[in-house]
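Residue numbers (this note's numbering): 7 to 120.
For each residue, glycine too, the CB sits at the ideal point set by N, CA and C.
Reading through the structure tokens given below for one structure.
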């Protein structure tokens, strides 16, 4: 035991992690501060409710009216329309088809073969 008298007790040290400092959350779209009343989380990204819009038509989305593909958000009608236009998720959404990527890898392996 310590040889301290009751009047000489050690001060209680509080953990710094207990202090309440809210973390500043930023919108994935506009990169401005998002306050709790305007906060919306979709696919682990934080948005203002007004910034959560379709990439194709810019219509305001809600958690029940969106579809996401590779970090981009669409209204359900445009998500279906873009898929149907080319019949796959790559060309319809402006990306190269996977079969083109495979073809380029096959061509590389053929040219590297002895």
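According to DSSP, residues forming a beta bridge with residue i
i: residue 47; result: 52
i: residue 75; result: 78
i: residue 59; result: 66
CB of residue i within 7 Å of CB of residue j, strictly
i: residue 58; j: residue 73; result: no
i: residue 37; j: residue 61; result: no
Residue i versus the options, residue with shortest Cα-Cα distance
i: residue 5; options: 87, 66 and 55; result: No statement about residue 5 is possible, as the shown extent of the chain runs from 7 to 120 and does not include it.
i: residue 64; options: 70, 80, 42 and 49; result: 80
Close beta carbons around residue i, own chain, < 8 Å, minus the five adjacent residues each side
i: residue 35; result: 53, 54, 57, 58 and 59
i: residue 83; result: none
Sequence-distant residues of the same chain with beta carbon closer than 7 Å to residue i, five excluded per side
i: residue 30; result: 39
i: residue 67; result: 58, 59, 60, 79 and 81
Sequence-distant residues of its chain with Cβ nearer than 6 Å to residue i (five each side left out)
i: residue 46; result: 53, 55 and 58
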